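The sequence shown begins at 191 in our numbering and counts up one residue at a time.
Note that the Cβ used here is the ideal one computed from N, Cα and C, for glycine as well.
Computed from a predicted model, the values in this text were never measured in an experiment.
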Amino acid sequence: MYYLRLLARRYLQEAREEEEEEQFIITGKTLGDGDSIANRTTSITLHKREARKPCEEFLSCEKYGAWRQEQRIVAARLKKHLKARWAIQKLIHEQLGRFQANYKRAMGPTKMTDVAQFLMPKWIPAHELAALFWLGDWRPSTILELLRSLAHSLQDPVGVDRALSQLIHDIRIEEAVIDEEMTEIQANCVLHLPFGPTNTGGNWLALARVRSEFKKIHRVITKAQNLRTKALELAVTKVLSQTDAAEFLVAFVGIQESIHEYSMKHKTRKGPVCIDELAIHSSMLE
């Protein structure tokens, strides 16, 4: 019995010591201390304030300030690039507008002599006419084929080539329709104009027929010019990215100039017109 009492007393003493230890950890006071609740609260509050170190708060503010500065720098760079993109887009539209203005020259009212000038411009050297011109200017599919030769240097060569192949296919169908119209007009000219074998009418009737055929030719030229505009606009706005479109327009103008300069050098030579493909290709690559 005495042994059991001794064990019970030791157990209670150990439980008391554990409880005092837990209370000391929480409040900093033992159970026997007579401090008021206010003192205990102050002790706890002081303990919490000591956890906030001014140095850590300063470092936090410094990091936040640095982060905001980086944000401002990046935003300024983005704004600068956006302005550059807007400037490039504006130049692209201006360049397209120049091509459109050139192609639309043939769409207004014209005289019969003007139609001949649209078909075979006197200001274009013979080599250039023979190599590239179709109803007064570059064949639309030729412009697109030129773009295909540059596709390997673009941002998305595979995607561009896929979209370009479909566009060239569609444009060539429209070219074929225009070619058929022009072939029919030429056949009518041979058969019904004054130099044709079946001409039996007077001069006034022959002149009326000439004017009628010239009007038809003018409509065909207008269709050809519209198709050129369509091909160039679709390539620049639908197939290419903004950067690729700008690079293509620069390359297109450069190649036009190279071919024109090459043709001008050979303009004064005598003899039939012949095209040196190797020489033209070399001038394109320079």
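Spanning the alpha carbons of A396 and F289 requires a straight line of approximately 37 Å. In the three-state DSSP reduction, W324 falls in the strand class (E or B). The count of Cβ pairs closer than 8 Å, one atom from the segment 413-432 and one from the segment 356-370, reaches three, so the stretches are in contact. When the alpha-carbon of Q446 is set against those of K312, R399, K270, A321, the nearest one is in A321. Cβ contact annotation for T433 (same chain, cutoff 8 Å, sequence separation greater than five): I278, Q345, in chain order.
Setting aside the 5 residues that flank it on each side, K406 is surrounded in the same chain by I375, each with a C-beta closer than 7 Å to its C-beta; the list follows chain order.
In the displayed model, S402 falls within a helix according to three-state DSSP.
The residue from F308, Q356, A265, V443 with its alpha-carbon nearest to that of L286 is V443. Where D434 is concerned, the enclosing alpha helix (DSSP H) starts and stops at 432-455.
One alpha carbon belongs to A353, the other to L336, and they sit about 14 Å apart. P311 carries a coil assignment under DSSP once its states are collapsed to helix, strand and coil. With a 10 Å radius around the Cβ and a threshold of 16 neighbouring Cβ atoms, L281 comes out exposed. In this structure, DSSP gives L319 a helical state, which the three-state scheme calls helix. For R329, no alpha helix (DSSP H) run applies, since DSSP gives it neither H nor E. Cβ neighbours of L334 within its own chain (closer than 8 Å, five residues either side excluded): L354, L357, I358, I361, A421, A425.
Taking each of A291, K269, G255, L268 in turn and checking the Cα distance to N416, the smallest one comes out for A291. For the 7 Å CB-CB criterion, M372 and V410 form a contact. Comparing C-alpha distances from Y452 to each of W328, M302, V367, E318 shows the shortest one belongs to E318. S331 counts as buried, since no fewer than 16 other beta carbons sit within 10 angstroms of its beta carbon. Assigned with DSSP and collapsed to three states, L337 falls in helix.
Rounded to the nearest angstrom, the gap between the Cα atoms of R267 and H408 is 52 Å. The three-state secondary structure of K301, taken from DSSP, is coil. In the same chain as V429, and ignoring 5 residues on each side of it, the C-beta atoms closer than 7 Å to its own belong to V350, A353, L354, L357, in chain order.
Sorting R295, A366, S339 by C-alpha distance to the C-alpha of A441 places S339 at the top. Rounded to the nearest whole angstrom, the CA to CA distance from S402 to D369 is 18 Å. Considering only E437, I449, A366, the residue with the shortest C-alpha distance to S343 is E437. The C-alpha of K457 is placed about 31 Å away from the C-alpha of A366. When only Cα atoms are considered, N378 and A414 end up about 20 Å apart.
Each residue's CA atom was taken as its position, placing Q261 and K270 some 14 Å apart.
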